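Quick notes on the structure that follows.
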Amino acid sequence: MLVGKFFVFLTVSLTSCLGLLAFFEAKLVQEEVDALEEIARTLGSKYWKFNADTCKIESVGVTQVPPKNAEQRIDCECKNGNNTDCHVTWMELKNYNLPGVLPPQLVKLPHLQVVDFAYNYLSGTIPREWASMQLTSITLLVNRLSGEIPKELGNITTLTYLSLEANQISGIIPPDLGKLINLQTLMLSSNRFTGNLPVSFSGLINLTDFRINDNNFSGTIPIFIQNWKKLERLEMHATGLEGPIPSNIYLLNNLVELRISDINGPTQSFPMLKNMTGMIRLTLRSCNISGEIPAYLWTMKSLELLDVSFNKLVGKIPASISADRLRFIFLTRNLLSGDISESILKDGSNVDLSYNNFALQSPGQPVCRENMNLNLNLFRSSSMGNSSRRVLPCMKTFRCPKCKYMLL
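As numbered in mature numbering (1 follows the signal peptide of the UniProt record, and there is no 0), residues -17 to -1, 1 to 391 make up the sequence shown, in order.
Shown next, in the form of structure tokens:
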């Protein structure tokens, strides 16, 4: 998209201007006005002008409307009393298709705390200059950033949120990031990271959300994840890491989403997850797990999604299931047997039982019941003496609904 099409009309909310009498006299310091105009040019727009009196960014000489999904937020904080200078504390420019690079000039906004440049076309590397700032949140997902994470980022110990997902950042993760002891969210998925996860990460004890999907890491899943007692969401899809899943994962009692897939390594038994009573979504797909599905999984009251596909699981589905909210069940490519339990065939469910050894279902059995709001995959789900008949003989027509595909 041409630079001339970039349009931004940013209305700034003065969220922290203390003292109504001083409000209309408050003014952004000129140094930050100049810095904002430099930042605009670096991001790839020549059409922004900052009004120090009104604390607004305005468009200059452009009539095009901004992109439909564009989001903006710039906050200024003004001090009370005789000093009525204002300072920028929050800068958010999302979905503006900005074609430039990340601005080192952010350091000229010394009171800035939150930076969000997600969903743009920004390229280049993460500026080392940012390391001197007191940022609490950096969001750069879905851009075209490359290079390595600068080790200096580990000096921003005020950070609680760091999202670099969906870029082209490469190399090893610098151990210096282990100094970010206040970090609560760390999202590094869909990049080109290599090497082991730094041992220094064992000290990130305040993490609640950790995602490293779709990378090229090496080594095994580290046992130090046991230190992340506050963790609520852990995602390790196709990371390059090998198994087994550490047995001490049972210590993460606060997990509500656990998603691990595509790990090589030795065969392992099903990890102990019994204490994770708040679990909502559980994915352990292609993890080389053998044995039976633990009975307690079918009793988890909060569980909505269970995906243990592409393992070596055996045994039967229990006749009675008390996990009332469970609506997404993916068991494909295992060695499960016995009857298909009616208890998993709930209204509105999505169930994949393909490629297993379940008993053959006749047209009169519950699995073939008509008028059920159920997406059910039974392809090659039974073991039969006649190998030429591998599709269950349910005498009904199934409609293929139009679906929006997403990673569950």
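Ideal Cβ placement from N, Cα and C applies to all residues, glycine included.
Just so we're clear, the structure is a prediction, and the values are computed from it rather than from any experiment.
Next on the checklist: Looking at the strands, I want to know which residues DSSP matches up with residue 471.
Outcome noted: Missing from the structure shown is residue 471; the chain here goes from -17 to 391 and no further.
Checklist entry - Quick check: the segment 227 to 243 against the segment 172 to 186, are there 3 or more CB pairs under 8 Å? => result Between the segment 227 to 243 and the segment 172 to 186 there are fewer than three C-beta pairs closer than 8 Å, too few to call the two in contact.
Checklist entry - Just how far apart, CA to CA, sit L361 and D335? => result Taken atom to atom, the span from the alpha-carbon of L361 to that of D335 is near 7 Å.
Item to check | Backbone CA spacing between R268 and E21 [nearest angstrom] | outcome: E21 has its alpha-carbon roughly 48 Å from the corresponding atom of R268.
Next on the checklist: Less than 7 Å separating the Cβ of K62 from some heavy atom of the ligand GTP?
Outcome noted: No copy of the ligand GTP occurs in the structure displayed, which carries no ligand at all.
Next on the checklist: Rounding to the nearest angstrom, what Cα-Cα distance links T141 and N165 in this structure?
Outcome noted: Here the alpha carbons of N165 and T141 stand approximately 6 Å from one another.
Checklist entry - Alpha carbon to alpha carbon, what distance is there between N138 and I327? => result Cα-Cα distance, rounded: 50 Å.
Next on the checklist: If distances are taken between C-alpha atoms only, which option among E215, M219, T191, L224 comes closest to residue 393?
Outcome noted: A question about residue 393 goes unanswered here, because the residues of the chain that appear run from -17 up to 391.
Item to check | Helix, strand or coil at G107 according to DSSP, with G and I counted as helix | outcome: For G107, the three-state secondary structure derived from DSSP is strand.
Item to check | Own chain, CB closer than 7 Å to N199, minus 5 neighbours either side, in chain order | outcome: Closer than 7 Å at Cβ, skipping near neighbours: R175, F176, T177, G223.
Checklist entry - Leaving out the 5 sequence neighbours to the left and right, which residues in its chain are closer than 6 Å to S370 when beta-carbon positions are compared? => result Any reading at S370 needs caution, since the residue's pLDDT is 42, under 50, leaving its predicted position unreliable; the model's value is listed next. Excluding positions up to five away in sequence, the list is empty.
Checklist entry - Among S292, T266, L286, V291, which one has its Cα closest to the Cα of I304? => result For the residues S292, T266, L286, V291, the minimum Cα distance to I304 belongs to L286.
Next on the checklist: Taking the straight line between their C-alpha atoms, what separation do you get for L190 and L238?
Outcome noted: Each residue's alpha carbon lies about 11 Å from the other.
Next on the checklist: Rounded to whole angstroms, what is the Cα-Cα separation between F193 and L169?
Outcome noted: C-alpha of F193 to C-alpha of L169: approximately 5 Å in a straight line.
Item to check | Inter-residue spacing [alpha-carbon to alpha-carbon] between H94 and E131 | outcome: Distance between the alpha carbons of H94 and E131 is about 26 Å.
Item to check | Within the segment 300 to 331, ranges of the beta strand (DSSP E) (whole runs, at least 3 residues) | outcome: Whole beta strand (DSSP E) segments, 3+ residues: 311 to 313.
Checklist entry - In whole angstroms, what is the alpha-carbon distance linking W281 and N271? => result Cα to Cα, the separation comes out at about 21 Å.
Item to check | Range of the contiguous beta strand (DSSP E) that encloses E75 | outcome: Membership of E75 in the beta strand (DSSP E) is indicated by the continuous run 68 to 77.
Checklist entry - Can you tell me the Cα-Cα spacing of R292 and R56, whole angstroms? => result Per the sequence presented here, residue 292 reads as Ser, with Arg not at that position. Each residue's Cα considered, the two are about 42 Å apart.
Next on the checklist: Can you tell me whether D290 is helix, strand or coil according to DSSP?
Outcome noted: For D290, the secondary structure class from DSSP, reduced to helix, strand or coil, is strand.
Item to check | Residues bridged to T203 (per DSSP) | outcome: DSSP, once it has assigned bridges, lists E225 as partnering T203.
Checklist entry - From this set, K213, V12, S273, which residue's C-alpha is nearest C69's C-alpha? => result Taking only the C-alpha atoms, the option nearest C69 is V12.
Item to check | Cβ neighbours of E275 in the same chain (closer than 8 Å, five flanking residues each side left out) | outcome: Within the same chain, and ignoring the five residues on either side of E275 in sequence, the residues whose Cβ sits closer than 8 Å to its Cβ are F253, L296, V297, G298.
Checklist entry - Can the beta-carbon of L145 be found less than 8 Å from the beta-carbon of L128? => result With contacts defined as CB atoms closer than 8 Å, L145 and L128 fail to qualify as a contacting pair.
Checklist entry - In the DSSP assignment, what residue or residues form a beta bridge with Y144? => result In DSSP, Y144 forms a bridge with S120, T168.
Next on the checklist: Given this structure, state the Cα-to-Cα distance separating G368 from N339, to the nearest angstrom.
Outcome noted: Per-residue confidence for G368 stands at a pLDDT of 40, beneath the threshold of 50, marking its modelled position as unreliable; no derived number is given.
Next on the checklist: S172 and E215 - do their beta-carbons sit closer together than 8 Å?
Outcome noted: No.
Checklist entry - In whole angstroms, what is the alpha-carbon distance linking V16 and V90? => result Rounded to whole angstroms, the separation of the alpha carbons of V90 and V16 is 13 Å.
Next on the checklist: I need the boundaries of the beta strand (DSSP E) containing V297, first residue and last residue.
Outcome noted: Its beta strand (DSSP E) spans residues 295 to 297.
Checklist entry - Where does N52 land, buried or exposed, given buried means 16+ other C-beta within 10 angstroms? => result With fewer than 16 neighbouring CB atoms inside 10 Å of its own CB, N52 falls in the exposed class.
Checklist entry - Which term fits P49, buried or exposed, when burial requires 16 or more other beta carbons within 10 angstroms of its beta carbon? => result By the Cβ-count criterion, P49 is buried, with 16 or more other Cβ atoms from all chains shown falling within 10 Å of its own Cβ.
Checklist entry - Which value, in whole angstroms, describes the spacing of the CA atoms of F6 and C59? => result Confidence is the limiting factor: at F6 the pLDDT is only 44, short of 50, which leaves the residue's position unreliable, though a coordinate-based value still follows. A direct Cα-Cα distance of roughly 12 Å separates F6 from C59.
Checklist entry - Roughly how many angstroms separate the alpha carbons of I188 and Q167, rounded to a whole number? => result Here the alpha carbons of Q167 and I188 stand approximately 8 Å from one another.
Checklist entry - Apart from the five residues on each side of it in sequence, which residues of its chain come closer than 6 Å, Cβ to Cβ, to W211? => result Once the five neighbours on either side are set aside, the close Cβ partners of W211 are L190.
Checklist entry - How would you label T250, buried or exposed, when you count the other beta carbons within 10 angstroms and need 16 or more for buried? => result By the 10 Å Cβ count, T250 comes out exposed.
Next on the checklist: Could you tell me the alpha carbon to alpha carbon distance between V45 and G83, rounded to whole angstroms?
Outcome noted: Annotation note: pLDDT 48 at V45 (below 50); position unreliable, no value reported.
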